[in-house]
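**Student:** All residue numbers for the sequence shown refer to my numbering, where the first residue is -9 and numbers rise by one.
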Amino acid sequence: MGTSGGIVTAPAYVIFGSGDFSKLKPGDVLVAVTTTSAWTPLFASASAVVTDIGGPLSHSSIVAREYGIPAVMATR
């Protein structure tokens, strides 16, 4: 489900938890199961976000729209 519009071509990096935060490079697509407020700083450097869980009102969707980056949720 697309929840923030746009098109991006970039490397994707799967983040499993806070221990992986430093591995996301600027411009990477952030891929995660879900995000919480602790993940918000990652959105500043990500070019897009993809999560397994979420919808239009989820944290990932709202923050992606605020940062103006594409987002896809509920990929399962």
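All C-beta atoms in this analysis are idealised placements derived from N, C-alpha and C, irrespective of residue type, glycine included.
The model shown is predicted, which means the values in this text are computed figures rather than measured ones.
Under 9 angstroms, do R18 and P31 count as touching if we go by C-beta distance?
**Tutor:** In the sequence as presented, Arg is not what sits at residue 18; that position holds Asp. Cβ atoms of D18 and P31: not closer than 9 angstroms.
**Student:** Would you list the residues sitting across from V19 in a DSSP beta bridge?
**Tutor:** According to DSSP, V19 bridges with A2, A38.
**Student:** Candidates K15, S(-6), G9, P46: which alpha carbon is nearest Y3's?
**Tutor:** Cα-wise, what sits closest to Y3 is K15.
**Student:** Given R55, which residues of its chain have a CB within under 7 angstroms of its CB, disregarding the five upstream and five downstream residues?
**Tutor:** S(-6)
**Student:** How far does the alpha helix (DSSP H) with T26 in it reach, from first residue to last?
**Tutor:** Element bounds for T26: n/a, residue is neither H nor E.
**Student:** Enumerate in chain order the residues of its own chain whose CB-to-CB distance from A22 is below 6 angstroms, with the five nearest sequence positions on each side excluded.
**Tutor:** I5, T41
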